[in-house]
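J.: Numbering (the working numbering), first residue to last: 10 to 145.
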């Protein structure tokens, strides 16, 4: 039984206020379960039936690892979605730039519309010129 408490103190550093990461917390629970399982006979002799607690802890650990897998999958999907969004935005920007170049080339640099189109990037980049965004 002393092994369990020695382990718990070692893992937490004896300080219950210590901030633990999700990974550390899952490992703590897993090691606790391993200790419960490997010391079931000694615990039973001491009057502690650890089988129910082991079963509950095992289910919670399985749930925690499953949730972590889902979280990692969601992060991967989020990264892929971000990359797709950035790529699509870049392509739209390049196409818009090409259209402006075509129009300016067709109308001539001194045409009023050409001047407006050529200033469009500056207007978009300057918040004061484009006005406040409603989506903040």
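A virtual CB, placed ideally from N, CA and C, is assigned to each residue, including glycine.
Using the C-alpha atoms, what's the distance from residue 61 back to residue 98?
T.: 55 Å
J.: Tell me which same chain residues have a C-beta within less than 8 Å of the C-beta of residue 127, skipping the five on either side of it?
T.: 109, 113 and 118
J.: Taking just the CA atoms, how far does residue 106 sit from residue 100?
T.: 10 Å
J.: Got a sec? Which residues, its chain only, sit under 8 Å from residue 129 by beta carbon, not counting five neighbours each side?
T.: 109
J.: My assumption, with CB atoms under 8 Å, is that residue 42 sits in contact with residue 66. Please give the rounded CB distance.
T.: 5 Å
J.: Which whole-angstrom value is the C-beta distance of residue 73 and residue 40, which I expect to be below 8 Å?
T.: About 13 Å; that fails the 8 Å criterion.
J.: Excluding sequence positions up to five away, which residues of its chain have a Cβ less than 8 Å from the Cβ of residue 58?
T.: 52, listed in sequence order.
J.: Can you give the Cα-Cα distance for residue 145 and residue 90, rounded to whole angstroms?
T.: Per-residue confidence for residue 145 stands at a pLDDT of 46, beneath the threshold of 50, marking its modelled position as unreliable; no derived number is given.
J.: Can you check whether the CB of residue 136 is closer than 8 Å to the CB of residue 77?
T.: No, they are not a contact pair.
J.: Which of the three DSSP states, helix, strand or coil, is assigned to residue 55?
T.: If DSSP states are grouped into helix, strand and coil, residue 55 belongs with coil.
J.: Consult DSSP for residue 118 and reduce its assignment to one of helix, strand or coil.
T.: coil
J.: According to DSSP, simplified to helix, strand and coil, what is residue 96?
T.: helix
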